[in-house]
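What follows is one structure encoded as structure tokens, with my remarks underneath.
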Amino acid sequence: MKLGLTVDLDTCVGCHGCATACKQWNSSGTIGPLTDLNAYADEPDGPWLNRIRTYEVKAENEVSKTVHFPMSCLHCENAECVTVCPTGASYKREEDGIVLVDQDKCMGCNLCAWACPYGARELDEAQGVMKKCTLCVDRIYDQELEPEDRQPACVLTCPTGSRKFGDFDDPTSEVSLLTASRKGVDLMPELGYAPTNKYLPPRAAPQVPTHATSTSSSDAGIKGWINKMIAR
Amino acid sequence: MHPALSVLFFTVTSGMGFGLLFCLLFAYHYGVFPLPLNGLSDNVWSSLTQPYLIDIAIATGLFTLGLISSSFHLANPKNAWRSFTRFRSSWLSREAVFAVLMYPVLAIYIGALLFEMTLAANLIGLALLVLLLVLVYCTAMIYASLKTIPQWHNRYVSAGFLIFSLISGLMAYAAIVPEAQLNSLIYLPVLGTGLVIKLLYFHSLGEPQISNINTATGFGASQASITLFDTGHSSRNFSQREFIYIVGPKTTNLARKVCLIAAFVLPAALLTMNWTWAALASHYLGMLLERWLFFVEAKHVIRHYYST
Amino acid sequence: MPQSPADIAAKLPRFENHAEQETHFTTCYMCACRCGIKVTTENEQIRFIQGNRNHPVNKGVLCGKGNAGIMKQNSPAKLKHPMRRKSGSERGSGEFEAISWDEALDILTKRLKNIRDTDPKKLAFFTGRDQMQALTGLWASQFGTINWAAHGGFCSVNMASAGLYTTGHSFWEFGDPDWDNTRYFMLWGVAEDHASNPIKIGLEKLKKRGAKFVAINPVRTGYQAIADEWIAIKPGTDGIFALSMVHVLLRERLIDEEFLVRYTNAPQLIIQNPGGNNDGLVHRDQDGNPTLWCQSSEQVTSALNTDANPALVGEYTTDDGVLVKTAMSLILESYLDEQYAPEQAAKVCGIDAADIERLALEMAHVAFKETIEIKTPWVDWAGREHESFIGRPVSMHAMRGVSAHSNGFQTCRGIHLLQALLGTVDCPGGHLAKPPYPKHIAPPIKPAKAMAPNTPLNSPPLGFPTSPDDLVIDDDGNPLRIDKAYSWDAPLANHGLMHMVIKNAVNADPYPIDTLILFMANMAWNSSMNTAQTMEMLKAKNDDGEYKIPFIVCSDAFHSETVDFADLILPDTTYLERYDTISILDRPISEAHMACDAIRQPIINPDRDVRPWQEVLIDLAGRLKFPQFTNDEGKPRYEGYEDFIVNYEKSPGIGFLAGWRGDNQNDHLLGEPNPEQWERYKENECFFEFEFPDNFKYFRHANKEYLEFAQSLGWVNCTDQIVIELYSEKLQSFRLAALGQSDGPQPQTQAQRDRILRYFEPLPIYYQPLEQQEITKDEYPFFAITQRPMHMYHSWDSQNSWLRQITSHNYLYMSESKALELGIADLGWVWVESHNAKIRAQVKHMQGVQADTVWTWNAIGKRKGNWGLSKDAPESNKGFLLNHLISESLPKQDGITNSDPITGQAAWYDLKVKITPCYEKDDKSWPQFEGTKNPMTASTQDQSYQCGESVNLKRSLKDSLFKK
Ligand SMILES: Nc1nc2c(c(=O)[nH]1)N[C@H]1C(S)=C(S)[C@@H](COP(=O)(O)OP(=O)(O)OC[C@H]3O[C@@H](n4cnc5c(=O)[nH]c(N)nc54)[C@H](O)[C@@H]3O)O[C@H]1N2
Ligand SMILES: Nc1nc2c(c(=O)[nH]1)N[C@H]1C(S)=C(S)[C@@H](COP(=O)(O)OP(=O)(O)OC[C@H]3O[C@@H](n4cnc5c(=O)[nH]c(N)nc54)[C@H](O)[C@@H]3O)O[C@H]1N2
Ligand code: SF4
Ligand code: SF4
Ligand code: SF4
Ligand code: SF4
Ligand code: SF4
Ligand SMILES: [Mo]
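Residue numbers (this note's numbering), protein chains in the order written: chain B, 2 to 233; chain G, 5 to 312; chain W, 64 to 1027.
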């Protein structure tokens, strides 16, 4: 299996639902807790496994657009974050491709974060260990959850359905079909990380014809108005 | 990249330690840099005080200091021992393994010297030379293997680490073994090579980068201009603190010049005047600046997401 | 070899301690959207809050706030016990002493009893972002004070009223676009709205279907970011834009004439008698029914005459010699005028004439060329059967971008006119009503006027005036309410004017009050205009040293700014700690095709000495012996809130909760009280939904079977067709009064007369927002507005350590090119000045903003020391409020409220400012306030929340040594 997400940039409204769902799920679960630094003071911060940035995009001769851009770990096939890890804390699971950090093994050297092009890894400075998206490995396989709940927290919660989860090895999965039909793209493909997660670019706006209008608006206006027979 | 002091200090100091050990070994075994040493005496105690061993101890001290300082930048040092486990893939793990391997090998080497097992000492000495090269190469590859940082993933980085380590060693050697009367035919070419490599490196930083905000966001095809409107967080986060360290080009340009002069040009001049300690000091400070620049001029691709 | 998920699962550790976990359903209250949630707890701690997949509102999804509920429950700003202002301390200093509930309630009962015994209007009870207006309104009526209102007046009464006086339902929470069928969606001035998740769910549906989504908004963030077309309108000019599209449609005769004839008052005859006392009123027959001109009989006939073939357009003289025109004729005359031509409108609203024209024609195309039909037979008001519902799949939604302007009522009516011309009201693909709407126009409730000691009001404090007779004024024409609602200043102030209460009370205008109760309203900060002055007013004293507002009571759950200005604080529970109802009697959670309500239930036991405000109200009602809350022996009738909800009946068979009534517990919507009702709700995941049969789903304004059903439930009081009022005779009746042409009350001053004459036009008009009429564009060149951030709810979320990591201070966003023109750098500091005040803020450049507009996120800035934040928190040091700049009075006319002249809606977004770079070296916003002496600050340390032990997924040493 090659598990991962598609993220639809055409529908994401930047509500941060996926980000806070991720935060609450992972405050416990397999990777928690996540420390909130300066929780109620200046410079509040802490590890987030999913963040939403917003861009303004201006192409030549086009009106500019605002694009919300959620990013979590892309579970790369060539996950160099794993290659560089000296302790073996970082690893990519053979069975499903999920990239994880064993919290008991990490020594907090940050090298994996250096090796990640996507900013997907954030050190928990209080605990000294690296945090990252687990693809909710602790939900998706939990047989005690309802089958429809065996989904990443961020996917379950997304109000615009921008995030879909599935197996990219299965060509009939929703994520594979979406990637094909919407021409899903890789981020920074030139680095060769072969990210599993795909981004579905904003669509072209639908063109609506304008109602053809009569050039001779003879019956238009109040003077030329002829009442139709319409029953009350 | 954020230039963590511990990392700057570690890489420069241990680089010097390794280089010094390299020079000492080379001098001792191949006599290229004259070493005032006429074999070990019969008396083990007095032989311990022999300058060569003291010099080795100094070299060991230097890289040990560096290694210790490197652990300061670990957020969870209690797991540091685990860094030996991923020798298979991780340059950092390899560096750790080789660095630690240095100690027993060095111990055996010293034993061989003390017990005057010449053949063994020669062989192990050779092995140590190779080990040092490999070790410094591993350190270099920690940086050079990161595709995420084009300024490190650069053809001059590993060569640079090796030559800079050698130069540092040589400078230290010249200072602590003044009797050696280092020949300018030796240090001038070496310093010159270091200077050229650093110049080539600086020059290469001007080359265009393949990643940009368009490839990063996937809007590559549209050639659109993309600006960050909102980071999604009000305070600077881990990634920004770690990767986004902005120093103006004025400062870096000045720093580059100072670094080249302090690390290479001035030491050469000072050495010709036989001011070996001054040369060493100048070089060391120059190298700290070199390492600082190495970090601050390194632009992690994540900055594309932050439009910086 | 590939493994199945089950195989993989078998090898994994058990991550969650399900045995120790419990799940309970309830309703989210991180905002007023009211999504269903499933809360998993473990040892009295919250493990996870998830959307309830079966819930009609959110269908399983949650927004950024809803997912951060754990941190609200964890907030260090939670109030812990009742408190009294320390004797000798100054109001506003925040010095309190803890007291017991008994003492607190004794103090309050004594005070309230005295007021009720003497002069009940001396109690003013105002509530903010609450969801229990049915209860607080009932309480106020029983107390006998007309000085009650909820936040609607400063929120979006323009939308509610424009709808209720035009289509019988409205935007805001009383209607929804038909997300499942619409093909063209126009969103006017919405950043988030109450239907946060439903809009998002709906937008995804549109996108999937390839429907076009057009956003009208000066700013391009949030929803506008995913719009297919973004129209950067100048704030306050939507009226001219809408009416210009009306112009285009009329000019091209691209209108749904059948819809207009059958469902609107467009064919009704309007009397043309300038100077007469009936000018502009609807011509009526002997029975009082509106009349039409029948083309077949060539006669005036009753609008109820189903045999008539009404003339849509025409001018006639009736048998009794009255000159009349159809309303449609007046519409044509008005909007075909050159002033509404796109070229003219473009100059005002900044949208290209060609775009105005094109958008109108695109909508016409979709309405008339992409018509849809839903083959469900239905019966119209006159008993005629129809084969199907015809749908014109153009829909719209509008909110505060329209409503928060002083022309918002008329603008919103303009949008409804546009909808009606396209035939899209409550039709498939159009804008649907949500039960219990639509209502007759206007809903038949009149605002209470009369008060007497110890006597409940004889009607609710808020209602719907239809003529000057219904105004709440005394014989001299002076306001009777403290907020001056339903006075000549704001005759249709259907939700009151909460934003005027403090100022009026302090000025004893129209009279002084004794006690002000604020529930869930942050009136000392982000909910008031002119905040700095408001804080001073709250502290203002008379010459005798008494406070001008003698006693302020605050019910809040958290240490808000307002808490610090109270004399008595009654700490509330959090939403996870109490029972609550989301009632159809209130602002229900109904969906377009379902009547719905919901409850909350306690999930967590409070760890503090707090009580639900609901309980407190029921308790006080018993202590004060309100008739409806007292039994025959004079003892409290209800044991508490739960008991009240189950047993109280508004009218026989109708109570707060509609589900599972009656003996057999399965009478829905109507039935005897059921003692087991709460249990039934809990079994049904805390909500109730009643799906309508297919023939009830559309055209409910004219749908006989639906109207009969609605009448049986008390949603409407007759089954007459609800005729959409494009032309408003009700508005005209106020103009007649202003002209001195009526027997009833008339405005007293020339200024009042001018206002009424100008703004109470019976057909929608555009006029420049009032503040802008009184200042010069040259002096204050920028429009300044706010937006709701999707992840923050008003002032609520700075205490939330997750949400504040997303936004802990705000910027003033400005067009990049304009800023550079003015020499203002990105992240530079500026002075922002209005006619009222001056602030300092940090600028951020952007492209997606109308060039003359600046904006910021609402309510991010905080006063120092509140909300459990440390003194160095960016919320108070860098964050700022635009509210300081907004005056509650208009620049010139002293005493005239900065509100819509019709509804009294607070005109937050009429603000104009000038912006100058600030060269002082100070990285702080200004003004800064000293803040409370008694901050409930959390430790400034880090926080690490965890529920249960984490189960790390271990990698074996062997694996890490030998695996590739
Ligand atoms: N997340 C979140 N949700 C909330 C709230 C919250 O605080 N946070 N508050 C709730 C409350 S009380 C309310 S009333 C609703 C309000 O919900 P919204 O109506 O979405 O409220 P605003 O954020 O005021 O958004 C007004 C929008 O109109 C735009 N605008 C301003 N002036 C004009 C104009 O003249 N014309 C047009 N076309 N657009 C204009 C602004 O740019 C902004 O996008 O939201 C509710 N939902
Ligand atoms: N500049 C500007 N100002 C605006 C607006 C704007 O767009 N721009 N919008 C206006 C609008 S539409 C509105 S509706 C108002 C919002 O006005 P308010 O409703 O007054 O504002 P909130 O900040 O929501 O404050 C409500 C109070 O409720 C408290 N609270 C939260 N939960 C509970 C609870 O469970 N129980 C109790 N008892 N209290 C609780 C909070 O602590 C807070 O003090 O703001 C208005 N102000
Ligand atoms: S996104 Fe980053 S952390 Fe995730 S697998 Fe790829 S390189 Fe590793
Ligand atoms: S921070 Fe932890 S996971 Fe990352 S490379 Fe270092 S040891 Fe491995
Ligand atoms: S998959 Fe899970 S861990 Fe990853 S971003 Fe989504 S919620 Fe967070
Ligand atoms: S929850 Fe969905 S819509 Fe909201 S920010 Fe995340 S991806 Fe975007
Ligand atoms: S929209 Fe969000 S905050 Fe509001 S009720 Fe729904 S989940 Fe809760
Ligand atoms: Mo509101």
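Using N, Cα and C, we set each Cβ at its ideal position, and we do this for glycine too.
Quick one: using the 10 Å Cβ neighbour count with 16 as the cut-off for buried, is residue i buried or exposed?
| i | result |
| --- | --- |
| Leu123/G | exposed |
| Phe76/G | exposed |
| Thr219/G | buried |
| Glu294/G | buried |
| Ala278/W | buried |
| His947/W | buried |
| Gln136/W | buried |
Whose C-beta lies closer than 6 Å to the C-beta of residue i among residues of the same chain, with five residues either side of it excluded?
| i | result |
| --- | --- |
| Trp551/W | Pro810 and Gln815 |
| Glu211/G | none |
Which same chain residues, not among the five before or five after residue i, have their C-beta less than 7 Å away from its C-beta?
| i | result |
| --- | --- |
| Gly129/B | Gly109 |
| Asn80/W | Glu105 and Gly1011 |
| Met4/G | Because chain G here runs from 5 to 312, residue 4/G falls outside it and cannot be looked at. |
For residue i, does the three-state DSSP call read helix, strand or coil?
| i | result |
| --- | --- |
| Ile667/W | coil |
| Glu896/W | strand |
| Lys297/W | coil |
| Asn766/W | strand |
| Ser871/W | coil |
| Glu702/W | coil |
| Leu799/W | helix |
| Asn567/W | helix |
| Ser219/B | Below a pLDDT of 50, predicted positions are generally treated as unreliable, and Ser219/B, at 49, falls in that range; no measurement from the model is reported. |
| Asp533/W | helix |
| Thr474/W | helix |
| Tyr160/G | helix |
Which residue marks the beginning of the alpha helix (DSSP H) containing residue i, and which one marks its end?
| i | result |
| --- | --- |
| Gly238/W | No alpha helix (DSSP H) contains Gly238/W, which is instead part of the beta strand (DSSP E) from Gly238 to Pro240. |
| Ile419/W | Ala416 to Lys432 |
| Asp817/W | Gln813 to Tyr822 |
| Cys412/W | Pro405 to Cys412 |
| Lys263/W | Ser259 to Arg272 |
Check for me: the beta strand (DSSP E) holding residue i runs from which residue to which?
| i | result |
| --- | --- |
| Gly167/B | Arg164 to Asp168 |
| Ala847/W | Phe845 to Gln850 |
| Val251/G | Counting along the chain, Val251/G falls outside any beta strand (DSSP E), and DSSP gives it neither H nor E. |
| Trp918/W | Thr916 to Trp920 |
Excluding five sequence neighbours on each side, which residues of the same chain lie with their C-beta closer than 8 Å to the C-beta of residue i?
| i | result |
| --- | --- |
| Leu944/W | Trp588, Asn589, Thr594, Ile902, Ala922 and Gly924 |
| Lys604/W | Tyr610 and Lys611 |
Every unbroken alpha helix (DSSP H) within the stretch 49-105 of chain G, with a cutoff of 4 residues, ordered by chain
55-76
Which runs of the alpha helix (DSSP H), 4 residues or longer, sit entirely within the stretch 187-238 of chain W?
196-206, 215-218 and 220-227
Entirely enclosed beta strand (DSSP E) segments - the stretch 590-626 of chain W, minimum 3 residues:
614-619
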